[in-house]
Each structure stands twice: as structure tokens, then as C-alpha cells.
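Q:
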Amino acid sequence: MTTVLAPVTGVALGLRAVPDPVFAEGMVGPGMAIEPDRAPGEAVSPIAGTIVKLHPHAFVVVGDEGRGVLVHLGIDTVQLKGAGFELLASEGDRVSAGQPVVAWDPSEIEAGGRSPVCPVVALDAAEGSVAALVDGKVRAGSELFRWT
0 MTTVLAPVTG
10 VALGLRAVPD
20 PVFAEGMVGP
30 GMAIEPDRAP
40 GEAVSPIAGT
50 IVKLHPHAFV
60 VVGDEGRGVL
70 VHLGIDTVQL
80 KGAGFELLAS
90 EGDRVSAGQP
100 VVAWDPSEIE
110 AGGRSPVCPV
120 VALDAAEGSV
130 AALVDGKVRA
140 GSELFRWT
């Protein structure tokens with residue numbers, strides 16, 4: 000079992016609430032989403048492992064057991080080409096769960112007309128293998144869901 004931490008502070012939501020069908024319909028995988036607080040902050044690693052993919056708006060961390068977790072900071076934020084994000088780690092870095100990876104400001108994302116909601120997805124996970132641990136308010140670095 001893998002315990003996945005919340006990468007940002009906000010309100011935990013089901014993936015169906017994400018305004019993007021790829022995430023909402025679980026095409027990327029099961030998981031949860033977070034409606035982030037509208038304040039500058041840091042997105043932290045949801046698990047201990049290695050950053051295998053790192054973009055300013057999204058990153059994937061793979062744990063020692065081979066399980067990967069995707070954190071996507073906002074919807075359609077790839078279009079920003081990195082503006083409004085600051086990388087605090089590098090691809091290939093080994094990170095601990097809760098370690099800061101990207102600094103960002105969700106209110107800036109929203110001001111630009113995009114949703115700052117953050118999908119947190121268990122990549123290549125079987126349907127039904129993710130169980131929510133929280134409903135409502137969540138802090139960055141606290142438990143979000145379990146992946147069995």
C-alpha cells in the first residue's frame with residue numbers, strides 16, 4: 000500500500016470535479032484533486048521517490064516500488080510555458096514525501112482565466128485501488144489517499 004500526500008493546501012475533491020475530461024473521466028488514472036487555497040505556496044512531493052518527469056506545471060514522482068504519482072498544477076497550465084512557476088527540484092532528484100518541488104500562486108493561474116485545481120493521480124493504477132482518506136480541507140504534506 001502507498002499513502003499519497005496532498006501536494007498543496009486546499010479542499011480535497013473527487014476527480015469528477017476537475018474541469019478537464021481527461022482527468023474527470025479517469026483516463027490518466029484514479030486519484031483525487033485539490034481546489035488549492037488562493038495564496039502563493041509550494042507544491043510538495045506526494046510520495047518519496049525519484050522525480051521522473053518535471054515541468055513547471057506538472058511532475059511525476061515514482062517510488063521505490065515502481066508506483067508513479069502525477070501532480071498537475073492547474074488545468075491548461077502547460078499553455079503558460081512556465082510563467083508563474085518556479086522549480087525547486089530537478090528531474091532525476093530523489094525526494095522525500097512532503098519535500099517542496101514547485102513554487103506557484105494559484106490566484107495568478109485563476110486570474111489568467113484557468114482553473115487552479117490540482118489533480119493527483121495514481122498512474123497505471125487499477126480501478127478501485129485508490130481510497131480517499133480526506134473529505135474537505137487538506138494541508139500540503141498531509142494524507143490524501145491510499146493506493147492498494
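Each step along the sequence shown adds one to the number in numbering that gives the first Met the number 0, with nothing skipped, and position 110 is 109.
No residue lacks a Cβ here, since even glycine has one placed at the ideal position from N, Cα and C.
In this text, all values refer to a predicted model and were calculated from it rather than measured experimentally.
Is there contact between the segment 5-16 and the segment 120-137, where contact requires at least three CB pairs shorter than 8 Å?
A: yes
Q: Under three-state DSSP, which class holds E85?
A: strand
Q: Distance check for E107 and P115, CA to CA, integer angstroms please.
A: 9 Å
Q: Measure from the alpha carbon of R66 to the alpha carbon of each residue in L72, G111, G30, then state which is nearest.
A: G30
Q: Determine the contact status of P118 and L14, defining contact as a CB-CB distance below 8 Å.
A: yes
Q: Assuming A57 and L72 are in contact, meaning their beta carbons sit under 8 Å apart, how far apart are those beta carbons, in whole angstroms?
A: 6 Å
Q: In this structure, how does DSSP classify P55 when only helix, strand and coil are distinguished?
A: coil
Q: Taking just the CA atoms, how far does R145 sit from A42?
A: Rounded to the nearest whole angstrom, the CA to CA distance from A42 to R145 is 19 Å.
Q: What are the uninterrupted segments assigned as alpha helix (DSSP H) that are 4 or more residues long and contained completely in the segment 10-75, given in chain order?
A: With a minimum length of 4 residues, the continuous alpha helix (DSSP H) runs that stay inside the segment 10-75 are 20-23.
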